[in-house]
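When you number the sequence shown by the numbering used here, it's gap-free, plus one each residue, and the end is 338.
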Amino acid sequence: VEIMQHKGASECYFKAGVTEDELCAFEQLPTDNIAVYDTPPQPDTGFVRQVLGEGLGIAAQLGVNPYQFGFIASTDTHLGTPGAAEEGRFLGHGGAGVPARDEVPPGLPDKLEYNPGGLAVIWAEENSRDVLFDALKRRETYATSGPRIVARFFAGQDYPEDLCEREDRIERAYAGGVPMGGELTVTSDAPPRFLVAASQDPGATATPLQRVQIIKGALDASGQYREQVIDVAGNARNGASVDTQTCETRGPGYAQLCSVWTDEEFDPAERAFYYARVVENPSCRWSQRICVANQVDCSDPDTITEGFEGCCAADHRPVIQERAWTSPVWYSPTEG
3 VEIMQHKGAS ECYFKAGVTE DELCAFEQLP TDNIAVYDTP PQPDTGFVRQ
53 VLGEGLGIAA QLGVNPYQFG FIASTDTHLG TPGAAEEGRF LGHGGAGVPA
103 RDEVPPGLPD KLEYNPGGLA VIWAEENSRD VLFDALKRRE TYATSGPRIV
153 ARFFAGQDYP EDLCEREDRI ERAYAGGVPM GGELTVTSDA PPRFLVAASQ
203 DPGATATPLQ RVQIIKGALD ASGQYREQVI DVAGNARNGA SVDTQTCETR
253 GPGYAQLCSV WTDEEFDPAE RAFYYARVVE NPSCRWSQRI CVANQVDCSD
303 PDTITEGFEG CCAADHRPVI QERAWTSPVW YSPTEG
């Protein structure tokens, strides 16, 4: 499933007072229909996490889960520039927003609510068609909102607590469990453990990581569905920020993060899914970078020239936190 692209992210729905996970507000369109902009998005329509939960309920009734989706992201570009998902180099997409053109006009190159899109990442043994499609089929994939974050996610029962410190941790993780996209089988009453490891985009202007989270959805025997968001590495209150007047980032962050997390609330009778979310420190969104580069000062109307009115719009979001989402791992109780 495409969890992120030019027209927004679809991980989960956010509404103040309704959703506790504030990171669900990331790159959400203000409408549920790009052709009719007066229709607001609905909380239970088409968001990935909600659909994953529905899949658990269907599996409980029918024994088959039709919503075991791996995650990817893409640009949805109309300009023939696949992979061009950097906030600092966004030229628009020439499609649903500002149309394609021969020259770049002055002002913002696309509608405020759109974004540069994301990237699809595949873990495969080699870069060949057959092997890549095998990896897609087994869902060993993840998505990013644009940065080239490297992410790993595994589930097993016997991972040692110090697995992150071991040089062969990836080999051990494969040998003792399943990677992202897999289905976990338990052989004892011991709760499962999850290895999640991430590295920041290696680019010279990349933003450090802030934290890694594991998102769990579970369905109990009565059919009650619940979700949890658990910070497992890094620090959500690390003090990192960005100066929106210059787009210079400030504060500490992490080049790499790794954690072994144990689900102490695991119930072997409950169906569940787990996926990891890797979050960067705050940085300037594409629109704010262009506004800064063109010296727009919202307190000085003379600097708001034609095409740059969006820089000072009420719905302009100057700051974002880029991220990656791994494909889930699923658990189903053993019949009998």
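No residue lacks a Cβ here, since even glycine has one placed at the ideal position from N, Cα and C.
Residue i: buried (16+ other C-beta within 10 angstroms of its C-beta) or exposed?
i	result
D132	exposed
F135	exposed
R154	buried
K17	exposed
E284	Per the sequence shown, the amino acid found at residue 284 is Pro instead of Glu. So P284 counts as buried.
Y256	buried
L64	exposed
D113	It is worth fixing the name first, because residue 113 is Lys in this sequence and not Asp. Burial call: buried.
Y333	buried
K139	exposed
G13	The question names Gly, yet the displayed sequence has Glu at residue 13. Flag for E13 reads buried.
P118	buried
C300	exposed
V66	exposed
G55	buried
D203	buried
T189	exposed
Y176	exposed
E24	exposed
Looking at the C-beta of residue i, does it have a partner C-beta in chain D at a distance below 8 Å?
i	result
D222	The structure shown contains no chain D; it is built from a single protein chain.
When DSSP labels each residue in this structure, what does residue i get in the three-state scheme?
i	result
I216	strand
T135	It is Phe, not Thr, that sits at residue 135 in the sequence shown. If DSSP states are grouped into helix, strand and coil, F135 belongs with the helices.
Q230	strand
E173	helix
L31	coil
L110	coil
G120	coil
G96	strand
W1	The structure shown does not extend to residue 1, since the chain is modelled only from 3 to 338, so the question has no answer here.
Q202	coil
G312	helix
R150	coil
S224	coil
S301	coil
S289	helix
E185	strand
R51	helix
L259	strand
R1	Outside the displayed range of the chain (3 to 338) lies residue 1, so it cannot be described from this structure.
A87	coil
E163	coil
V294	helix
I60	helix
L25	helix
Quickly, what does DSSP pair residue i with across the bridge? List them, please.
i	result
E266	Note: E266 sits in no beta bridge, so no partner.
M6	A11 and A75
D245	E250
V180	A157
V340	Not covered by the structure: residue 340. The range shown for the chain is 3 to 338.
A235	V214
A274	A220 and Y333
S130	S130 is not bridged to any residue.
T143	I124
Between residue i and residue j, which are expected to be in contact by the criterion C-beta below 8 Å, what is the C-beta distance as a whole number of angstroms?
i	j	result
R195	Y161	4 Å
V244	V298	Actually they are not in contact, since the Cβ atoms of V244 and V298 sit about 16 Å apart, beyond 8 Å.
G309	L110	6 Å
G183	E142	5 Å
V123	A157	Contact doesn't hold; Cβ gap of about 19 Å is too wide.
Y116	K218	The pair is not a contact, with the Cβ atoms about 31 Å apart (cut-off 8 Å).
E324	E282	4 Å
P193	E266	6 Å
I151	V280	6 Å
Okay, do the stretch 257 to 277 and the stretch 88 to 95 touch, 3+ Cβ pairs below 8 Å being the bar?
-> no
Hey, is the stretch 234 to 247 in contact with the stretch 212 to 224, meaning 3+ C-beta pairs nearer than 8 Å?
-> yes
Flag this pair as touching only if the stretch 244 to 262 and the stretch 186 to 201 have three or more C-beta atom pairs under 8 Å; answer yes or no.
-> yes
Would you call the stretch 62 to 81 and the stretch 144 to 151 in contact, with 3 or more CB pairs under 8 Å?
-> yes
Could you tell me whether the stretch 243 to 255 touches the stretch 285 to 292, using the rule of 3 or more Cβ pairs below 8 Å?
-> yes
Three or more C-beta pairs below 8 Å linking the stretch 57 to 71 and the stretch 123 to 130 = no
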